[in-house]
Amino acid sequence: DTGVSQDPRHKITKRGQNVTFRCDPISEHNRLYWYRQTLGQGPEFLTYFQNEAQLEKSRLLSDRFSAERPKGSFSTLEIQRTEQGDSAMYLCASSLTEQFFGPGTRLTVL
Amino acid sequence: GQNIDQPTEMTATEGAIVQINCTYQTSGFNGLFWYQQHAGEAPTFLSYNVLDGLEEKGRFSSFLSRSKGYSYLLLKELQMKDSASYLCAVRDRTAGGSYIPTFGRGTSLIVHP
Chain A
1 DTGVSQDPRH KITKRGQNVT FRCDPISEHN RLYWYRQTLG QGPEFLTYFQ NEAQLEKSRL
61 LSDRFSAERP KGSFSTLEIQ RTEQGDSAMY LCASSLTEQF FGPGTRLTVL
Chain B
111 GQNIDQPTEM TATEGAIVQI NCTYQTSGFN GLFWYQQHAG EAPTFLSYNV LDGLEEKGRF
171 SSFLSRSKGY SYLLLKELQM KDSASYLCAV RDRTAGGSYI PTFGRGTSLI VHP
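Chains as they are written, first to last, in the working numbering: chain A, 1 to 110; chain B, 111 to 223.
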């Protein structure tokens with residue numbers, strides 16, 4: 001399978017815990033994006049990498065969120081001290097032109 | 111930033127044609143995308159327009175007018191499986207020089223027999 005993969009697919013955590021998600025993009029794609037999506041809304045931009053460089057970060061993103069792409073391949077998104085409002089689907093996409101999305105990680109914060 | 115507007119919901123009959131509109135405002139336009147998203151699944155790419163005009167791909171076509179900040183997605187010969195959310199995404203140049211696609215809220219299309 002040469003598509004975008006994400007792990008885990010589902011995560012249930014208690015408020016205040018830290019969580020980390022992983023994204024493996026399509027291998028020849030140098031651009032990688034993280035989005036967050038809630039029910040009835042379109043994907044909301046979080047952050048963007050070109051190779052290993054994090055070039056854009058949404059100003060809506062609090063400092064509890066951090067993302068890395070250490071070798072320009074896979075990426076991780078960490079949320080510290082989770083809050084109930086963080087419950088959402090977290091989508092990763094990679095691109096040359098159009099974006100290819102992974103299946104997402106559904107986070108539920110209790 | 112962008113202001114992307116598309117209808118929240120539309121209904122249509124199997125076999126018919128439906129047009130989903132999208133209007134936007136950008137400062138550094140660099141392309142418009144349409145994606146399809148079934149419930150509980152990730153968005154999948156449908157079409158890309160960067161120049162004015164109509165792009166046709168099978169039953170789906172997409173139109174762009176950059177001067178009007180307007181696009182539409184046209185779906186022909188509707189099938190029940192076309193019931194999904196249709197997302198309009200505009201790629202805009204940020205202050206940092208990157209090109210980031212920003213999504214509208216999506217249009218939920220319901221196809222009935």
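We put the beta carbon where it would ideally sit given N, CA and C, even for glycine.
With respect to the 9 Å criterion, F213 of chain B and E44 of chain A are classified as neighbours on the basis of their beta carbons. Distance from the Cα of P70 of chain A is smallest, within the candidate group A:G16, A:L96 and A:C23, for A:C23.
The three-state secondary structure of Q147 of chain B, taken from DSSP, is strand.
Cα atoms of Q129 of chain B and Y196 of chain B: separation of roughly 11 Å, rounded to the nearest angstrom. By the Cβ test, the stretch 75–94 of chain A is in contact with the stretch 32–39 of chain A, since at least three Cβ pairs between them sit closer than 8 Å. Under a criterion of Cβ atoms nearer than 7 Å, the residues of chain B adjacent to L55 of chain A are, in order, G206 and S208. Residue state for K186 of chain B is assigned as coil, using DSSP reduced to three classes. When the five nearest sequence neighbours on each side are left out, the beta carbons in the same chain lying within less than 7 Å of the beta carbon of D192 of chain B are those of L185, L219 and V221, in order along the chain. For H10 of chain A, the uninterrupted beta strand (DSSP E) run begins and ends at H10 to T13, by DSSP.
Under the Cβ criterion of 9 Å, R215 of chain B is counted among the residues facing chain A.
Interface residue (Cβ-Cβ distance to chain A less than 9 Å): L197 of chain B is classified as such. For F100 of chain A, the enclosing beta strand (DSSP E) begins and ends at Q99 to F101. Of all residues in the stretch 30–48 of chain A, only Y33, Y35, G40, Q41, G42, P43, E44, F45 and Y48 come within less than 8 Å of chain B when Cβ atoms are compared, listed by chain position. Inclusion of Y180 of chain B and T121 of chain B in the CB contact set at 9 Å is not warranted, their separation being larger than that value.
For F101 of chain A, the closest alpha carbon among the candidates A:S58, A:P25 and A:Q41 is that of A:P25. According to the DSSP assignment, R36 of chain A belongs to the beta strand (DSSP E) that extends over R31 to Q37.
Taken in chain order, the members of the stretch 97–110 of chain A whose beta-carbon sits within less than 8 Å of a beta-carbon on chain B are T97, E98, Q99, F100, F101, G102, P103 and G104.
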